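Q: Residue 32 in the UniProt record's numbering sits at position 32 of the sequence shown; the count goes up by one each step and never skips. By construction, the Cβ of each residue, glycine as well, lies at the ideal position given by its N, Cα and C atoms. Quick caveat: nothing in here was measured; it's all calculated off a predicted structure. There's a structure below that I have some questions on.
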Amino acid sequence: MYTAAAGMAAQQTRLDAVATDLANTNTTGYKHARVAFRDLVYDDAQGYGAAQGVRIGAGSAATPIGRATGQGALQSTGRALDIALEGPGFIQVKLADGTKALTRDGNLDLDVTGKLRLSTGEYVEPPVTLPAGTDPENIGIAPDGTVSIGGRSYGRLTLLDVAAPGALTGGPDNTLIPGTGSGAARGAGKGTIVHQGTLEASDVDEATAMTDMIEAQRAFQLASKAIQTQDQILEIANQVKR
Numbered sequence: 001m002y003t004a005a006a007g008m009a010a011q012q013t014r015l016d017a018v019a020t021d022l023a024n025t026n027t028t029g030y031k032h033a034r035v036a037f038r039d040l041v042y043d044d045a046q047g048y049g050a051a052q053g054v055r056i057g058a059g060s061a062a063t064p065i066g067r068a069t070g071q072g073a074l075q076s077t078g079r080a081l082d083i084a085l086e087g088p089g090f091i092q093v094k095l096a097d098g099t100k101a102l103t104r105d106g107n108l109d110l111d112v113t114g115k116l117r118l119s120t121g122e123y124v125e126p127p128v129t130l131p132a133g134t135d136p137e138n139i140g141i142a143p144d145g146t147v148s149i150g151g152r153s154y155g156r157l158t159l160l161d162v163a164a165p166g167a168l169t170g171g172p173d174n175t176l177i178p179g180t181g182s183g184a185a186r187g188a189g190k191g192t193i194v195h196q197g198t199l200e201a202s203d204v205d206e207a208t209a210m211t212d213m214i215e216a217q218r219a220f221q222l223a224s225k226a227i228q229t230q231d232q233i234l235e236i237a238n239q240v241k242r
């Protein structure tokens, strides 16, 4: 019964991850979550009357193993403040609490003072400030991230990478936080190119996600059935005892 319950909990974690992926199918720069399974504690079964060499376990548990790192499709928008990164790397931004984070979401905007930020409100870090009232269509963003107007540079987007991007921790508004598993943030390589007037689509494959969801639901139902069967067996055993 406990083994089946552990299986249900594992499949619920998998369902949660897939549901989040499906909800972010149209989120710019989103990378789908990866979930693996690990065995729980195993023990020698001989004490339960089993043959030598047989081991019994407490089931399995789901373990999130980070985000995917594949390149999403580049979609042209024609909007000057839309950018997409081709190659490894992220744009550095600052969260509301002051924490520095990374993102592949290149849907940028200007606040009333001319500071460059994400459409969700996070400012690029270090700040890039343009003259107040600037027409966004006059802004140029070079392949290396340099932001300019009429040939005059006003700053540069900081492009960073980490040793293990798949181990980045999810933050608010489609951002990612470097940690011990991912390694410290470092400058992105020359192979990372900024495309202006373009956005990177989510890498979620809806067909694959739906298949994973169906598999997880069926496995959840199977574990649920095992618990019901065990409950019936215990009920019969109790009646015999009386």
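Could you tell me whether the region 142 to 155 touches the region 166 to 178, using the rule of 3 or more Cβ pairs below 8 angstroms?
A: Of all C-beta pairs linking the region 142 to 155 to the region 166 to 178, fewer than three are shorter than 8 angstroms, placing the two stretches out of contact.
Q: Between which two residues does the alpha helix (DSSP H) holding residue 2 run?
A: Here the alpha helix (DSSP H) through residue 2 covers 2 to 23.
Q: Using only CA atoms, which one of 86, 11, 6, 1 lies nearest to residue 197?
A: That would be 86, whose Cα lies nearest to the Cα of residue 197.
Q: Are residue 114 and residue 129 touching if we call contact CB-CB under 9 angstroms?
A: yes
Q: Check whether the region 9 to 27 touches the region 217 to 228, taking contact to mean three or more Cβ pairs, one atom from each stretch, closer than 8 angstroms.
A: yes
Q: Should the region 174 to 187 be called in touch with the region 103 to 120, which here means at least 3 C-beta pairs below 8 angstroms?
A: Yes, the region 174 to 187 is in contact with the region 103 to 120.
Q: In whole angstroms, what separates the C-alpha of residue 184 from that of residue 163?
A: 8 angstroms
Q: Which of helix, strand or coil does DSSP assign to residue 82?
A: strand
Q: Starting from the N-terminal side, write out each stretch of the beta strand (DSSP E) that is 3 residues or longer and does not extend beyond the region 143 to 198.
A: 146 to 149, 152 to 156, 159 to 161, 193 to 196
Q: Taking the alpha carbon of residue 76 as the reference point, which residue from 201, 143, 161, 189 has its own alpha carbon closest?
A: Among 201, 143, 161, 189, the Cα nearest to that of residue 76 belongs to 201.
Q: For the beta strand (DSSP E) holding residue 67, just list the boundary residues, first then last.
A: 60 to 67
Q: Taking 9 angstroms as the cut-off, decide whether the C-beta atoms of residue 80 and residue 136 are in contact.
A: yes
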